[in-house]
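Notes for the one structure printed next.
There are 4 protein chains.
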Amino acid sequence: MALPRYAYLGPAGTFTEAALRQVVSPDDAEYLPQTDVTSAIAAVRSGRADFAVVAIESTAEGGVTATLDSLATGEPLVLLREVLVPVQFTLAAAPGVAIADVRRVSAHPHAWVQCRRWLAAHLPDAVHVPATSNTAPAALIASGSTALPFDAALVPPPAVETYGLTALAEHVADNATAVTRFVVIGHPGDVPPPTGADKTTLVVHLPDNEAGALLAMLEQFAARGVNLSRIESRPIGDSLGRYSFSIDAEGHILDERVGEAIMGLHRRCPYVRFLGSYPRADEVAPTVHLGTADADFVEARAWLRAVRDGAAT
Amino acid sequence: MALPRYAYLGPAGTFTEAALRQVVSPDDAEYLPQTDVTSAIAAVRSGRADFAVVAIESTAEGGVTATLDSLATGEPLVLLREVLVPVQFTLAAAPGVAIADVRRVSAHPHAWVQCRRWLAAHLPDAVHVPATSNTAPAALIASGSTALPFDAALVPPPAVETYGLTALAEHVADNATAVTRFVVIGHPGDVPPPTGADKTTLVVHLPDNEAGALLAMLEQFAARGVNLSRIESRPIGDSLGRYSFSIDAEGHILDERVGEAIMGLHRRCPYVRFLGSYPRADEVAPTVHLGTADADFVEARAWLRAVRDGAAT
Amino acid sequence: MALPRYAYLGPAGTFTEAALRQVVSPDDAEYLPQTDVTSAIAAVRSGRADFAVVAIESTAEGGVTATLDSLATGEPLVLLREVLVPVQFTLAAAPGVAIADVRRVSAHPHAWVQCRRWLAAHLPDAVHVPATSNTAPAALIASGSTALPFDAALVPPPAVETYGLTALAEHVADNATAVTRFVVIGHPGDVPPPTGADKTTLVVHLPDNEAGALLAMLEQFAARGVNLSRIESRPIGDSLGRYSFSIDAEGHILDERVGEAIMGLHRRCPYVRFLGSYPRADEVAPTVHLGTADADFVEARAWLRAVRDGAAT
Amino acid sequence: MALPRYAYLGPAGTFTEAALRQVVSPDDAEYLPQTDVTSAIAAVRSGRADFAVVAIESTAEGGVTATLDSLATGEPLVLLREVLVPVQFTLAAAPGVAIADVRRVSAHPHAWVQCRRWLAAHLPDAVHVPATSNTAPAALIASGSTALPFDAALVPPPAVETYGLTALAEHVADNATAVTRFVVIGHPGDVPPPTGADKTTLVVHLPDNEAGALLAMLEQFAARGVNLSRIESRPIGDSLGRYSFSIDAEGHILDERVGEAIMGLHRRCPYVRFLGSYPRADEVAPTVHLGTADADFVEARAWLRAVRDGAAT
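Chains as they are written, first to last, in UniProt numbering: chain A, 1 to 313; chain B, 1 to 313; chain C, 1 to 313; chain D, 1 to 313.
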């Protein structure tokens with residue numbers, strides 16, 4: 001039987017690979033490394049992969065733009081699971097390079113941002129050489145090229161050994177507790193069952209350009225007692241000031257309160273896309289406010305039906 | 001076949017009788033005059049009458065306390081129809097009495113209030129002798145008693161002829177356009193069908209004692225785009241500061257948006273009583289906000305069902 | 001030196017007199033009994049009295065209409081103090097009358113309502129003979145008239161002794177813990193100083209006829225963290241569905257959060273009348289939400305002034 | 001006299017330079033090109049420049065992360081002016097290169113994103129070689145290097161002539177009406193006077209982690225009738241799910257309604273930073289809702305003062 005195929009931001013040694021290993025062992029799946037997040041997602045859409053594992057949110061950078069934008073439009077995909085990976089970086093170089101020699105540092109822009117304070121303190125004059133992934137510079141060093149366009153690189157700790165590098169400084173990320181949240185992306189049709197501690201991800205456009213529209217949208221959740229754990233705006237891209245909202249709501253689409261809130265959005269907003277309901281990595285159950293448990297909705301529906309049929313109240 | 005029996009605040013000549021005549025001709029119904037609103041409502045509960053016609057709101061006094069309180073608790077009844085009656089008063093007396101002789105004026109307290117400014121201007125020293133109905137003093141005058149405890153009375157214009165009185169002054173109500181709203185009360189089970197211009201009456205207790213609870217209750221309506229045409233507080237009666245709200249919402253309980261709003265109240269409030277959906281006397285259709293027509297709810301439900309079953313969005 | 005003059009709903013033996021005695025001893029004030037609430041309030045406006053003591057809210061009936069309406073318009077007056085009086089009733093009659101003889105019961109309409117359940121259980125066939133005050137029937141009995149239009153009366157307990165009546169049944173009020181809230185009314189210009197547990201009474205008309213207007217009005221309070229302890233609607237009286245709101249807010253007009261909320265109402269509502277800030281009878285201090293203490297407002301003002309002057313933030 | 005010094009993302013030919021030219025002619029200022037946005041802002045903080053001109057928002061990408069984050073913390077700076085620059089790109093190469101030869105395209109990541117659809121259609125197999133600025137690859141081509149790591153580059157149209165390149169395709173941006181919004185950054189203390197069509201930029205942290213906190217924050221604006229033209233979330237960076245909001249409000253901090261709304265935020269939110277009030281580039285005046293003009297606030301303040309002093313209402 002064919003193993004499931006997982007596209008991810010490779011190559012070996014990336015944080016994404018660490019996330020993928022949490023999801024499925026390389027013995028039980030075909031790992032398909034890709035050059036960027038967009039390609040990983042495209043691989044699922046094109047059928048070259050069954051699933052993709054991509055970063056969606058980091059402590060330092062917030063939502064991962066490429067992931068959010070790829071999912072917000074185009075052929076529909078859904079999130080099936082989330083995993084959290086601690087984020088650390090090592091400043092590494094080819095053997096023989098000393099930290100005093102470092103003038104140019106290769107780093108993925110997200111890595112650069114996450115080590116900004118350390119760099120300012122220890123390498124204030126270093127120039128940033130953008131890399132397309134966290135491990136690309138490691139691979140370049142490993143290739144033995146003598147004309148590298150940089151002197152050292154910020155890489156994930158496992159890449160030091162994988163690529164045979166020399167660590168110049170470890171734990172250089174500014175936030176010692178930083179994590180990145182990765183998601184497993186697949187095709188609609190396989191909503192994982194509710195676990196009691198779930199998250200639902202949505203994309204919502206507001207009906208118009210007013211502050212009042214955002215308030216009204218939030219009230220659709222509040223009226224059903226649904227809390228949000230993340231809300232981020234992304235430009236729709238057609239003119240300044242038009243925003244799409246990427247939202248994580250507490251609960252599962254099969255929860256009554258979540259279903260009703262989403263119907264409310266669907267009725268009043270020009271665009272609502274369901275991006276999946278899946279277990280929370282932190283396994284924290286939602287706060288269920290007075291009158292918003294499933295049983296309350298079921299009972300209210302039975303009550304309304306009876307009243308409409310003439311029952312006394 | 002037995003004629004339907006209507007209890008109402010009698011005797012002949014009251015505003016309530018005028019309302020009842022709008023509802024059904026005396027040829028087609030049995031008119032059962034009662035001494036007060038509470039008795040008229042009790043007659044329906046006890047089975048002595050099929051329907052009651054009672055005042056529920058007046059321009060001058062707002063909600064009619066006895067009606068609102070009788071309906072808010074006790075055996076359930078519902079409103080089936082509303083009719084509006086213009087309110088005017090005549091100052092009348094026994095033949096031979098002149099306005100200069102008038103020291104004591106009999107009047108139902110609501111009538112007294114509605115003629116306050118006229119009385120202050122024309123009979124500033126007159127003493128109020130409370131009457132139990134607008135026509136009770138007319139009947140007393142007609143009885144020919146020589147020891148009446150009053151000199152003149154405020155009565156509905158038709159009572160002058162009915163009881164053979166002398167009009168001392170006509171159109172003495174302070175507000176020339178005053179109307180009183182009457183309702184036909186019956187048993188649950190006969191919700192009139194939607195007409196497109198309906199009203200739904202509810203009694204709602206708030207979940208707790210906070211200002212925030214009233215805001216949250218109003219948001220249950222706002223989140224579904226349901227306007228309110230009347231909201232009045234009535235003490236629950238067990239301690240100061242605990243209120244029950246009497247509400248008229250635009251729309252019919254069979255309207256999707258009204259049904260969902262009422263379910264929201266039912267889930268979150270300790271007490272919700274449905275007092276009926278019925279055609280508006282003024283035939284004004286409700287404002288239907290974006291995404292809150294019945295078709296929007298039906299479509300949203302189908303959409304949610306499909307998404308829950310794995311459809312792409 | 002002239003004693004202060006207090007108008008109140010007399011005569012001796014009324015609940016209002018009991019309230020007045022809590023406010024000032026008859027040795028230190030001139031008691032001016034009046035025939036009704038409106039007259040008591042008018043006495044202050046005309047200068048015949050310095051103060052009035054009137055009921056404003058009862059457990060059973062909610063807001064006292066005559067008081068609320070008299071204060072809402074006309075020459076401005078303010079509330080200076082509130083006192084609570086427990087409400088009980090005794091069924092009393094002339095000596096020699098037995099409870100089995102009672103067919104007609106004289107009672108002020110509010111008293112009748114408050115004893116409804118007891119009357120239904122013990123005197124189900126009794127007819128209500130409306131009285132203009134709780135003690136008027138006691139005085140009639142005491143006058144020795146042999147042609148009373150009633151057999152017994154519902155009176156405040158002290159009236160039994162004052163008027164030499166016979167108690168047929170005591171503690172006949174349905175709610176054993178009922179209280180009535182009385183207020184001392186005087187001229188603007190003497191706002192009592194804040195005590196830390198104060199109440200502010202307002203009359204507010206909404207800018208238009210929509211449910212949204214009530215929501216927006218409540219948000220003026222919520223945005224400043226001001227709780228409401230009472231909100232009642234009263235018809236404005238010019239057409240059905242137009243309401244004035246009578247509001248008790250927690251706090252004193254000299255509190256920053258209350259002042260700012262009232263300014264918000266004044267800016268957005270067509271009519272706002274301040275009816276006074278005064279100590280709460282129950283001495284309960286308000287909940288002060290995060291960032292809404294006086295010091296927070298003072299500090300925010302200083303901060304804004306500095307920022308407008310170019311200070312860094 | 002020394003000319004004012006402006007730091008900006010150089011070198012010659014960038015969109016930022018085009019923005020800077022709108023602000024001040026090179027004859028009247030010293031242009032100080034920087035390698036990135038963060039450096040341009042740092043130059044003002046360190047005193048090496050008087051002002052910086054940086055991109056803050058683009059049609060395609062929304063808020064410019066580096067700008068928003070640099071301003072949100074650290075030594076306070078403010079926005080003094082905004083200018084809009086249309087965004088277009090040309091695919092350019094060294095003389096002699098044909099479009100059929102292009103395999104690797106150098107582009108700043110934002111440029112790449114803005115031409116995605118064109119690239120997918122015309123160069124579906126092209127690999128992205130990230131550049132640190134829009135003109136960096138142009139300069140590399142101009143240097144005559146024979147070992148360029150790319151074959152062509154996406155550059156601003158003026159760079160073609162400046163650097164002596166060959167245009168392979170013009171107008172390759174996906175959105176023909178795309179613009180980027182640039183701001184002039186300076187030191188606090190020089191708030192430009194209100195023009196009647198102004199914008200105020202703020203950074204706000206919510207008091208806690210709940211959806212309700214965002215609603216409450218938006219209500220601080222709504223209660224004063226202040227519209228928002230942009231709201232974006234940025235992670236605070238200490239843990240997942242903690243967000244800072246970057247907000248553009250309509251109006252000037254000297255406007256009463258804006259001042260009061262900001263004081264409300266300052267009282268209730270743990271962190272509020274004022275980033276300036278400045279004229280809108282589009283010169284659109286704000287909608288002023290009922291009761292929220294400056295005169296309304298001034299009048300309400302006078303009214304409250306009078307009422308507190310005992311005036312009648």
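For each residue, glycine too, the CB sits at the ideal point set by N, CA and C.
| query | result |
| --- | --- |
| Residues within the stretch 175 to 201 of chain C neighbouring chain D, beta-carbon criterion of under 9 Å | His187, Pro188, Gly189, Asp190 and Val191 |
| Ser229 of chain A classed as buried or exposed, judged by whether at least 16 other C-beta atoms fall within 10 angstroms | buried |
| Residues that Phe51 of chain B contacts on chain A, provided the C-beta gap is smaller than 9 Å | By Cβ distance, chain A contributes nothing, its closest Cβ being about 16 Å from Phe51 of chain B, past 9 Å. |
| 7 Å Cβ cut-off: residues of chain C touching Arg234 of chain B | Gly62 |
| Members of the stretch 57 to 89 of chain D near chain A, C-beta cut-off 7 Å | Glu57, Thr59, Ala60, Glu61 and Gly62 |
| Straight-line gap, Gly189 of chain D to Pro4 of chain D (C-alpha atoms, nearest Å) | 17 Å |
| Near-chain D residues of the stretch 122 to 136 of chain A (beta-carbon distance less than 9 Å), N- to C-terminal order | Val127, His128, Val129, Pro130, Ala131 and Thr132 |
| Boundaries of the beta strand (DSSP E) in which Gly259 of chain D is found, first to last residue | Unbroken run through Gly259 of chain D is the alpha helix (DSSP H), Glu256 to Arg268; no beta strand (DSSP E). |
| Alpha-carbon spacing of Glu30 of chain B relative to Asp248 of chain B, whole angstroms | 30 Å |
| Contact set between Ile231 of chain A and chain D, taken where Cβ atoms lie within less than 9 Å | Ala211, Leu214, Ser233 and Tyr243 |
| Burial state of Thr59 of chain C (16 or more Cβ within 10 Å) | buried |
| Coarse secondary structure for Phe297 of chain C, derived from DSSP in three states | helix |
| Chain-ordered residues of the stretch 297 to 310 of chain D with a beta carbon less than 7 Å from chain A | none |
| Any 3 or more C-beta pairs closer than 8 Å across the stretch 88 to 101 of chain C and the stretch 69 to 76 of chain C | no |
| Burial state of Ala55 of chain B (16 or more Cβ within 10 Å) | buried |
| Simplified DSSP assignment, three categories, for Thr180 of chain D | strand |
| Short CB-CB distance (under 7 Å) between Thr313 of chain C and chain D | yes |
| 8 Å contact criterion, which Gly251 of chain D and Arg257 of chain D should meet: CB distance rounded | 7 Å |
| Chain C contact residues for Ile253 of chain D, given Cβ-Cβ distances below 9 Å | Leu304, Val307 and Arg308 |
| Chain B contact residues for Leu218 of chain C, given Cβ-Cβ distances below 8 Å | Ala211, Leu214, Leu215 and Leu218 |
| Where the beta strand (DSSP E) through Asp190 of chain C begins and ends | Per DSSP, Asp190 of chain C belongs to no beta strand (DSSP E) and is neither H nor E. |
| Near-chain B residues of the stretch 6 to 27 of chain C - C-beta to any C-beta below 9 Å | none |
| Gly291 of chain B: contacting residues in chain A (beta-carbon distance under 7 Å) | Arg267 and Arg268 |
| contact_flag[the stretch 16 to 34 of chain D, the stretch 75 to 85 of chain D] where n(CB pairs < 8 Å) is 3 or more | yes |
| Cβ-based burial, Pro149 of chain C [other Cβ within 10 Å; buried from 16] | exposed |
| Within chain B, the residues that Ile262 of chain A reaches when beta carbons sit closer than 7 Å | Leu304 |
| Asp151 of chain B: contacting residues in chain G (beta-carbon distance under 8 Å) | In the structure shown, chain G cannot be found, because the protein chains are A, B, C and D. |
| Beta-carbon separation (whole angstroms), Ala92 of chain A vs Ala152 of chain A, contact threshold 8 Å | 7 Å |
| Leu165 of chain D and Cys115 of chain D closer than 7 Å at C-beta | no |
| Beta-carbon separation (whole angstroms), Gly310 of chain D vs Val87 of chain C, contact threshold 8 Å | Between Val87 of chain C and Gly310 of chain D the Cβ distance is about 33 Å, and since that is not below 8 Å, they are no contact. |
| Own chain residues within Cβ distance below 7 Å of Leu275 of chain B, not counting five before or after | Leu71, Val78, Leu79, Thr201, Leu202 and Val203 |
| Where the beta strand (DSSP E) containing Leu71 of chain B begins and where it ends | Counting along the chain, Leu71 of chain B falls outside any beta strand (DSSP E), though it belongs to the alpha helix (DSSP H) covering Thr65 to Ala72. |
| Same chain only: Cβ atoms within 7 Å of Val23 of chain A, ignoring 5 sequence neighbours per side | Val53, Arg81, Val83 and Val184 |
| Cβ neighbour criterion (16 or more within 10 Å) applied to His171 of chain A | exposed |
| Minimum Cβ-Cβ distance from Gly47 of chain B to chain A less than 7 Å | no |
| Helix, strand or coil at Gln88 of chain B [DSSP, three-state] | coil |
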